[in-house]
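Enquirer:
Numbering (our numbering), first residue to last: 387 to 1197.
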């Protein structure tokens, strides 16, 4: 945020009528005149904002007199008042604000400039949201546009359905902020309300210390009894609102360390102990079972028990995680378990192991491995065996935890806050099998992130910037994968990093970006999300954890505060407004996202473990199919074996050279039952997990096998897959011209009971899209914009980050 640009923006905002269309400015000015006479403020921006608040309040009364819903405006007014208060606090506590900026490395050198500018920046953004609200409500009052009323969430009476959350009998998409101010009860309406959300946070709001309201290792004492005081923090929780509990795994009691000196070996950032340690398992087994029993049936568990916060066990040299002493060694328990795993894998034949590893072990009991492992060994049998075992041991750990929980609470829903880049990025030394863990738990859990601009520590442009208006790869690819694995589960993002993250935030983030990302995430399955993060106390001050001396492992929260939604009135308001819109159209969104996934990309963890850039290659195939009017799906060995094959038309295999014999057998079984498989080249599916040629290759069976033999030709794979899936593709045609050869408009279409088509369109591209919409077999169509109920021509334009929801019928 450059000072000259900010001053220019502020100067432009001072006229009271800014933002209103020409035919409404005179009316708005008239409404504001009494307010200007009664408003007194030393700051001209605050005076302008207060005057606009008065004007909007008058409009609200006029709308209410006509029986119009004004929920959206009530929220804008709430945020406007709150952020004017925040701006005054920031101005009066300039040094504290500078400290927050200094705590975030990219802002450190600009801390004083940013601290000086922030109060008026916040006031200027308050003016922007008020102007936009005045303009829109004016159109609603005049009848120029019609809006659906906002169905407010009934936070106390959420129903957990089979694959969706319900409020007042309708699908509902829940929203809130990760990490609310510490100690604020649900009765504090300044923090828990419809504007910020009202999900009870069973532990999340105490990050990053060992949570006293979370389920943690300190609940059990050395004598085997439970700490009653700490347990009350878990059990004496507000019984009224929907919520969740979290297993907080960072700490381990001192008495455990004394008994087990190795307990910290093999720890990770948010799992502070060895998951293979028998005493750890004893402690956590007792805690999980007992707390499950004590919290059974409480509303705070409606969104489940989160079994871990961002678990990962990166185990390769040179990885950033080594800075936190993660996996710099493994315990004797882990090594013994690995030896047993190898014994089973090689069927007790150590000679086979030695041949594979080029080693000379006398027995499995003598096997040694250096951890962290050298990434140069990627592609070797040793790398594969360790990486696969590292995933299997994590699966074993979470299976154990969930099983112990279910002893005390058999009906407990569970999820794991998985970092989606564990799937979408190339690294595979992290121990997280996203498919297996998604399949294991009863809810889909994650903390997906997106961003509008590049990482702040990147000096060169990122690849996505050439074509897109925001970075969507991680979220979209992982969401489609997880939804393919578990299509009928509730999907909870308990720490959504769409508004800011560790290495991305932008004070002047656009409202359109917020609208775009939340529409896409929800269309792709997200049922509830807690945005990162809310840390303002009602008086405007940062909550206690951010003020004064920081005693955590780093000043994470103070640094996270800088440039976050806590300083962005336009973004805080936009987040709630888009959730209002999503809930207004919840039934339509559910219909759109319950479409079948006619084309399934084959995913193999075997290739992902062995190849250095496997997921980058898979992204190209996924990206090529993302703009054709249907949700992209995935197939794996387990999906093929467990799910109904009629749910898709074709499985496409791209650049997947390594597969196990059982993966190959699953594809062959699909073909034998009449399925269609498109393979890019004969090299795909050619080798086992150790790089040895398969003795068997796919044969057509009763199905159809198409081998293209066009290496790295994504376009050819796409064309063949689309041809095979043609009978299941939508009857809607959407042709895009954005001036480039690269599509940027993603859309979905579904036919409704009355024969009309519901069409969702999002332009995530960086260029304005000229669109031509038609129905197959129809000479002409009638199109209605469901946001405004206005007619739309069949040829129209959509700006970058634009979102449309249309009803299309044949004329």
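All residues carry an ideal CB built from backbone N, CA and C; glycine is no exception.
#1: Please report the straight-line C-alpha distance between residue 658 and residue 1183, rounded to a whole angstrom.
#2: Would you tell me roughly how many angstroms separate the C-alpha atoms of residue 398 and residue 635, rounded to the nearest one?
#3: Please identify the residue among 1018, 627, 1101, 902 whose C-alpha is closest to the C-alpha of residue 545.
#4: Please determine, among 664, 857, 1018, the residue with the shortest C-alpha to C-alpha distance to residue 718.
#5: Do residue 1187 and residue 899 have their C-beta atoms within less than 7 Å of each other?
#6: Going along the chain, which residues of its own chain have a beta-carbon closer than 8 Å to the beta-carbon of residue 1131, five neighbours each way excluded?
#7: Candidates 660, 1011, 955, 1017: which alpha carbon is nearest residue 977's?
#8: Within a Cβ cutoff of 8 Å, which residues of the same chain sit near residue 475, ignoring the five residues on either side of it in sequence?
#9: From residue 464 to residue 762, what distance separates their C-alpha atoms?
#10: Which whole-angstrom value is the C-beta distance of residue 863 and residue 904, which I expect to be below 8 Å?
#11: Put residue 1185 into one of helix, strand or coil per three-state DSSP.
#12: Is residue 445 closer than 7 Å to residue 523 when the C-beta atoms are compared?
#13: If we ignore side chains and look at the alpha-carbon of each, how far apart do residue 946 and residue 885 end up?
#14: State the Cα-Cα distance for the pair residue 783 and residue 1075, rounded to the nearest angstrom.
#15: Leaving out the 5 sequence neighbours to the left and right, which residues in its chain are closer than 7 Å to residue 571 when beta-carbon positions are compared?
#16: Checking 7 Å against the spacing of the C-beta atoms, do residue 1054 and residue 1011 come in under that value?
#17: If you drop the 5 nearest sequence neighbours on each side, which residues of the same chain put their C-beta closer than 7 Å to that of residue 812?
#18: Please report the residue range of the alpha helix (DSSP H) in which residue 956 lies.
#19: Do residue 1044 and residue 1103 come within 7 Å of each other at the CB atom, strictly closer than that value?
#20: Based on Cα-Cα distance, which residue from 640, 704, 629 lies nearest to residue 692?
#21: Where does residue 498 fall in DSSP's three states?
#22: Throw me the rounded Cβ distance for the residue 1099 and residue 1066 pair, which I believe falls under 8 Å.
#23: Using the DSSP secondary-structure output, state which residues sit across from residue 588 in a beta bridge.
#24: Going straight from the alpha carbon of residue 612 to that of residue 660, what length do you get?
#25: With 16 other CB atoms within 10 Å as the buried threshold, where does residue 738 fall?
#26: Quick check on residue 412: does DSSP put it in helix, strand or coil?
#27: At the level of alpha carbons, what is the spacing between residue 456 and residue 552?
#28: Quick check: the Cα distance between residue 923 and residue 508, rounded to an integer number of angstroms?
#29: Taking residue 837 as part of the alpha helix (DSSP H), name the residues at either end of that continuous run.
#30: Which whole-angstrom value is the C-beta distance of residue 1189 and residue 901, which I expect to be below 8 Å?
#31: Relative to the C-alpha of residue 917, which residue among 892, 929, 958, 944 is closest?
#32: Which residue or residues does DSSP assign as beta-bridge partners of residue 1044?
#33: For the candidate residues 1072, 1136, 1086, whose alpha-carbon lies nearest to that of residue 1080?
#34: Helix or strand or just coil, what does DSSP make of residue 915?
#35: Would you mind giving the Cβ-Cβ distance between residue 557 and residue 972, rounded to the nearest angstrom? I have them listed as a contact below 8 Å.
#36: Quick one: is residue 1095 buried, meaning 16 or more other Cβ sit within 10 Å of its Cβ, or exposed?
Expert: Reading off the structure:
#1: 52 Å
#2: At residue 398 the pLDDT is 43, less than 50, meaning the model places this residue with poor confidence; the figure from the coordinates comes in the next sentence. Those two C-alpha atoms are separated by around 50 Å.
#3: Considering only 1018, 627, 1101, 902, the residue with the shortest C-alpha distance to residue 545 is 627.
#4: 664
#5: yes
#6: 1013, 1120, 1122, 1124, 1147, 1148, 1149, 1150, 1151, 1155, 1157, 1184
#7: 1017
#8: 925, 926, 927
#9: 56 Å
#10: 18 Å between Cβ atoms; not a contact.
#11: coil
#12: Here residue 523 is near residue 445, since their CB atoms are less than 7 Å apart.
#13: Computed Cα separation, rounded: 11 Å.
#14: 24 Å
#15: 624
#16: no
#17: 998, 999, 1000, 1001, 1002
#18: 955 to 970
#19: no
#20: 629
#21: helix
#22: 7 Å
#23: 631
#24: About 22 Å.
#25: exposed
#26: Low local confidence applies: a pLDDT of 35 at residue 412 is under 50, so the model's placement there is unreliable, with the coordinate-based value given in what follows. Reduced to three states, the DSSP call for residue 412 is helix.
#27: 23 Å
#28: 17 Å
#29: For residue 837, no alpha helix (DSSP H) segment is defined, and its DSSP state is neither H nor E.
#30: 6 Å
#31: Of the candidates 892, 929, 958, 944, the one whose C-alpha sits nearest the C-alpha of residue 917 is 958.
#32: 1073
#33: 1072
#34: strand
#35: 4 Å
#36: Looking at its Cβ environment, which holds fewer than 16 other Cβ atoms inside 10 Å, residue 1095 is exposed.
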